[in-house]
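Heads up, the thing below is written out as C-alpha cells.
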Ligand SMILES: [Mg+2]
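In my numbering, the protein residues as written are 294 to 419.
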C-alpha cells in the first residue's frame, strides 16, 4: 500500500470507535477517529490526500452517515476515498440508499475483528 493508508472512523459510540481502531491497527493502518459527521468532513478537508477509506456510522446525532457520504461524493478531490457505512441496521432501504449515494460497502454491527479486517482489505483492493 502507498502512503494513502489512513482510515477515518466516524461513530458516535466511543466503544465502537475504540474497538474498530484496535482491530484495524493490527493491519498497520494509520487511524483517525471522530464522533460526528461535521468533524469528519473537516478532517477529510485537511487530510484527504492520506485517507484511503472512511468507515462511517449511519445513525449519528447531527449529520447522518448518508449526509457525510453525500458530502464526500460531491467533491472531485475525494473521488478515490472509499466509504464503508457502519450500521446496526441491515435494512434493504439503507443499503439501497447508500449504493445510490456511492457507498463502497457496509459493515453491520455487531461484527467480529477478523470479519472487519478482511472486509476493509477487500474494499481497499477493489
Ligand atoms: Mg450511531
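We put the CB at the ideal spot given by N, CA and C, even for glycine. Please read these numbers as outputs of a predicted model, since none were measured by experiment.
Residues with C-beta closer than 7 angstroms to any heavy atom of ligand 1, in chain order:
304, 305, 306, 350, 352, 353
Residue interval of the beta strand (DSSP E) (run including residue 399)
398 to 401
Which residue or residues does DSSP assign as beta-bridge partners of residue 375?
346
For residue 303 and residue 375, what's the separation of their Cα atoms in angstroms?
13 angstroms
Cα-Cα separation between residue 294 and residue 323, rounded to whole angstroms:
Residue confidence is low: residue 294 scores 44 on pLDDT, short of 50, so the model does not pin down where it sits. No coordinate-derived value is stated.
Apart from the five residues just before and just after residue 310, which ones in its own chain have a Cβ nearer than 6 angstroms to its Cβ?
302, 304, 326
Tell me, please, whether the stretch 384 to 395 touches the stretch 356 to 363 by the rule of three or more beta-carbon pairs shorter than 8 angstroms.
yes
C-beta atoms of residue 329 and residue 355 nearer than 7 angstroms
yes
In whole angstroms, give me the CA-to-CA distance for residue 318 and residue 409.
12 angstroms
For residue 409, does the three-state DSSP call read helix, strand or coil?
helix
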